[in-house]
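Here the structure is laid out as structure tokens; the discussion comes afterwards.
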Amino acid sequence: MSSQVHGRSVAPVAGRGLRRHVPAVERLDSPVTTYYVLLGATLLLLVIGLVMVLSASSVTSLTDSGSSFTVFANQAKFALIGLPLMLIASRLPVTFWRRAGWVVLAGAIAAQMLVFTPLGVSVNGNRNWIALGGQRLQPSEGLKLGLVLWGAAVLAAKRPLLDRWRHVLVPVLVPVGVVAIGLVLYGHDLGTSLVLLLILAALLYGAGAPSRMFLVAGGAMALLSASMVMSSGNRKQRIVSWLAGTCQDVQNTCYQAVHGKYALADGGWWGVGLGASREKWSWLPEAHNDFIFAIIGEELGLPGALVVLALFLLIGWACLRLVSRSDDMFVRIASAAVMAWLLGQTLINVGAVIGMLPVIGLPLPLVSSGGSALVSSLLALGILMSFARAEPGAREALTARTGLLRRTLAVLPGRGRGAS
């Protein structure tokens, strides 16, 4: 029961059998907020992704393999691989990740080179996969992770020298950045190349590189992107149609973009219901992959689409907390790079679906079908959770909560010392 003090009701304090009320603002300022926001948003997006992959792929999967669950089962398998890796990554110390960048990046570059061997596989004109053990793997996803860890470690060590051009260019931009992006571009994967560029830009920005360097680098990358667009007739037609705002070849060049808008229009405010999409009946290409957001909008309507976007914004907010609250420059730079990777890829994917950006073939992180992308995204988020556990007071708070849980379980029937 509450008591009256100066005419106001005061809740009993903890220790008298009742819980002390903690204002919401104080809870948000808790040292474990970042960790739990990352964990909760990741798990929710993963569940939404698995459900929507099952729904979006059921028809084409049944047509291609005779089972509606083939694509979903493959995605679930990689989720079961990625989740334990995420949890292990979240328990490893920051020092481990600072040292691991060299190994991860070297392994990813070596794997990317295998794309141009007989192990390489081309999909829709992009040679960016390798076939191993009956599985198709995408080494460029490892490049994203390696570039984040290695680049953050190098730039954190060189930060006092970044006002000089050569310390910015070598070795982050040249030779490593050029080699990594060049290998992906040589496989004609413009979308992944743009994400790698975003990661590089975020690394330099987080490290505090002078703004004039971004102008020069931005101009060079714009010319490189333009040359890639001009080198592909299909890509050029898509970009030109997007810039013009109209498309004459609706049955070919703009077919996917048009049917993505049809899906969103059919969904309207409240959606047609989970599993009731019309566009997934072989009308919308890559419905379970690059255009899964269109199926989310069609089946779950505006609320479903906004929930997905809100969860990505929560991840971005958690990354900003890491950047602003950590005193470790490596953590700050790496967190900024992962934020640019996940949120930048989300922006490009959603922008293509709603028509604000051209279609360049990028999946929606954690949601779209794709085993390599799912595992790399879960690993990146696990690393962020490791950073969050290293925040001042976070490890002690998490340990205290674990102890409270154990004490609570100890009083349950069958958990005592005399339980048989």
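Numbering of the sequence shown is given in the numbering used here, commencing with residue 16 and proceeding in unit increments. Ideal Cβ placement from N, Cα and C applies to all residues, glycine included.
Apart from the five residues just before and just after residue i, which ones in its own chain have a Cβ nearer than 7 Å to its Cβ?
i: V374; result: R253, Q271, A272 and A367
i: P8; result: Residue 8 is absent from the model: the chain starts at 16 and stops at 435.
i: G316; result: G282, G283, W284, W285 and G286
i: Q360; result: V210, L377 and P380
i: L396; result: L53, T57 and M101
i: W117; result: W165
i: L43; result: none
i: V86; result: V68, S72, S76, H303 and S384
i: W112; result: L164, I398 and S401
i: P407; result: P46
i: L213; result: A355, W356 and G359
Identify, in the order they occur along the chain, each residue of the same chain with its Cβ nearer than 6 Å to the Cβ of residue i, setting aside the five sequence neighbours on each side.
i: A71; result: K295, A302, H303, I307 and I310
i: L326; result: A56, L59 and L60
i: G312; result: L279, G282 and A320
i: A217; result: A351, A352 and A355
i: G331; result: M354 and L358
i: L215; result: G192
i: A349; result: V163 and A167
i: A224; result: L177 and V183
i: L147; result: none
i: R336; result: T49
i: L513; result: Outside the shown range of the chain (16 to 435) lies residue 513, about which nothing can therefore be said.
In the DSSP output, which residue or residues are listed as bridge partners for residue i?
i: R8; result: Nothing can be reported for residue 8: it is not among the residues displayed for the chain, which extend from 16 to 435.
i: L147; result: Q150
If I follow the unbroken alpha helix (DSSP H) through residue i, where does it start and stop?
i: R404; result: G386 to R404
i: L158; result: P154 to K173
i: H182; result: W180 to V183
i: V193; result: V193 to Y201
i: V273; result: Y270 to G282
i: G221; result: L205 to A222
Within 10 Å of its beta-carbon, does residue i have 16 or more other beta-carbons around it, so buried, or fewer, so exposed?
i: R416; result: exposed
i: S18; result: With a pLDDT of only 47 at S18, under the threshold of 50, the placement of this residue in the model should not be trusted; the figure read from the coordinates follows. It counts as exposed.
i: R227; result: exposed
i: W285; result: exposed
i: P380; result: buried
i: G81; result: exposed
i: Q90; result: buried
i: R181; result: exposed
i: I103; result: exposed
i: R179; result: exposed
i: A125; result: exposed
i: N141; result: buried
i: N139; result: exposed
i: S339; result: exposed
i: P154; result: buried
i: V268; result: Looking at the sequence provided, one finds Thr at residue 268 rather than Val. Classification for T268: buried.
i: A195; result: buried
i: F131; result: exposed
i: L258; result: exposed
i: R114; result: exposed
i: L134; result: exposed
i: L95; result: exposed
i: G431; result: The predicted position of G431 is uncertain, since its pLDDT is 48 and thus under 50; a value taken from the coordinates is nonetheless stated next. G431 should be labelled exposed.
i: G234; result: exposed
i: V323; result: buried
i: D342; result: exposed
i: V346; result: buried
Once you ignore the five residues that flank residue i on each side, which residues in its own chain have a CB closer than 8 Å to its CB?
i: R404; result: Y50, S105, R106, R410 and L413
i: Q150; result: G386
i: S391; result: E156, G157, K159 and L160
i: S297; result: V74, T75 and T78
i: S45; result: A412
i: P300; result: Y270, Q271, H274 and F306
i: G206; result: I363, I375, G376 and L377
i: Y277; result: E294, W298 and L299
i: L239; result: L200
i: Y220; result: F229 and A351
i: V265; result: V273
What I want to know is whether the C-beta of residue i ends up closer than 7 Å to one or more non-hydrogen atoms of the ligand SAM.
i: A405; result: The model on display carries no ligand, and the ligand SAM is accordingly not part of it.
Ordered list of alpha helix (DSSP H) runs contained in the segment 291–363, each at least 4 residues
307–340
Going along the chain, which unbroken runs of the alpha helix (DSSP H) with 4 or more residues stay wholly within the segment 100–138?
109–128
Please list the segments of the alpha helix (DSSP H) lying wholly inside the segment 226–252, counting only runs of 4 or more residues, in order along the chain.
226–245
Could you pull out every unbroken beta strand (DSSP E) segment of at least 3 residues lying fully inside the segment 69–98, listed in chain order?
none
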